[in-house]
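I have placed the structure first, in the form of structure tokens, so that the comments after it can refer back to it.
Numbering (UniProt numbering), first residue to last: 1 to 266.
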């Protein structure tokens, strides 16, 4: 079975984007295609002829720029000295998630945008866990709850506990049998951690919220241990609905408080 051409893979690019792209970008795509076609694995060396400026119809400087692009994308790593060269590498999921998160920091999605997906995906992640999560991973999941079981002694400690609650969901994401589902859920969690509006909400004291989160997560672990995907899906759906309602209400209150402060500032 033949792979789609580079042009067909770029079908969703902006109109005439190819004409505007610089030569290093085009060469980086060509090299990336060759790596995919050849099935290079992490640690495999890129053949020297692939990088020959004459074969690429480019200057050495242009080829260097193309390699910098691939290195930034996490596709390759360069080594100097004996045995050195250009090698294929694997992008760690966390690294890729952070890169995509950075894309959204300039034009942040709304809390509603994030929860529109979380409400759909997290229940399926919970059902996936009930079906496939190993017993050892369930124990690790339960261990994350211990980080925020106790009453916080300060606002800073409560903030740390709120982030630890997100780690519970991150643990589910890391063990998802469906890697695309796990990646998508991990990205949404990272957005919640990094977006300024969400950080402000997490820094707002709310003692009752911790108890609610612990309740849902304990019930969820029970459903996962009993290998009941329908029950796990239902618990997570309720949890996501309540979490969204809280986040939206807290965001509204924060905006109103900021407006009042701004109005009375000299």
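Built from N, CA and C at the ideal position, the CB exists for glycine as well. These numbers were taken from a predicted model, which means no experiment stands behind them.
Asked                                                                                                                                                                 : Found
I'd like the list of long-range same chain contacts for residue 302, defined as Cβ closer than 8 Å, with 5 residues on each side in sequence excluded.                : Outside the shown range of the chain (1 to 266) lies residue 302, about which nothing can therefore be said.
Based on Cα-Cα distance, which residue from 143, 24 and 257 lies nearest to residue 71?                                                                               : 24
Hey, how far is the Cα of residue 204 from the Cα of residue 134?                                                                                                     : 35 Å
Could you tell me which of 163, 79, 191 and 37 sits nearest to residue 101, measuring between CA atoms?                                                               : 191
Below 8 Å, how does it come out for the stretch 214-221 and the stretch 80-87: are there three or more Cβ pairs, yes or no?                                           : no
Which stretch, first to last residue, makes up the alpha helix (DSSP H) that contains residue 94?                                                                     : 93-105
Would a C-beta distance cut-off of 7 Å place residue 175 and residue 137 closer than the cut-off?                                                                     : yes
Say whether the stretch 229-237 touches the stretch 116-131, bearing in mind that this needs 3 or more beta-carbon pairs closer than 8 Å, one atom from each stretch. : yes
Who pairs with residue 45 in a beta bridge, going by DSSP?                                                                                                            : 87
Grab me the residues of residue 235's own chain with a C-beta within less than 8 Å of its C-beta, minus the 5 sequence neighbours each way, in chain order.           : 126, 216, 219, 220 and 223
Quick check: what's the CA-CA separation for residue 1 versus residue 33?                                                                                             : Per-residue confidence for residue 1 stands at a pLDDT of 45, beneath the threshold of 50, marking its modelled position as unreliable; no derived number is given.
Check whether the Cβ atoms of residue 159 and residue 115 lie closer than 7 Å to each other.                                                                          : no
Taking a contact to mean a Cβ-Cβ separation below 7 Å, would you say residue 42 touches residue 89 in this structure?                                                 : yes
Restricting to Cα atoms, I'd like to know which of 68, 117 and 61 is closest to residue 237.                                                                          : 117
Would you tell me roughly how many angstroms separate the C-alpha atoms of residue 247 and residue 206, rounded to the nearest one?                                   : 12 Å
If you draw a straight line from the C-alpha of residue 61 to the C-alpha of residue 91, how long is it?                                                              : 25 Å
Using only the alpha-carbon positions, how far apart do residue 179 and residue 96 sit?                                                                               : 13 Å
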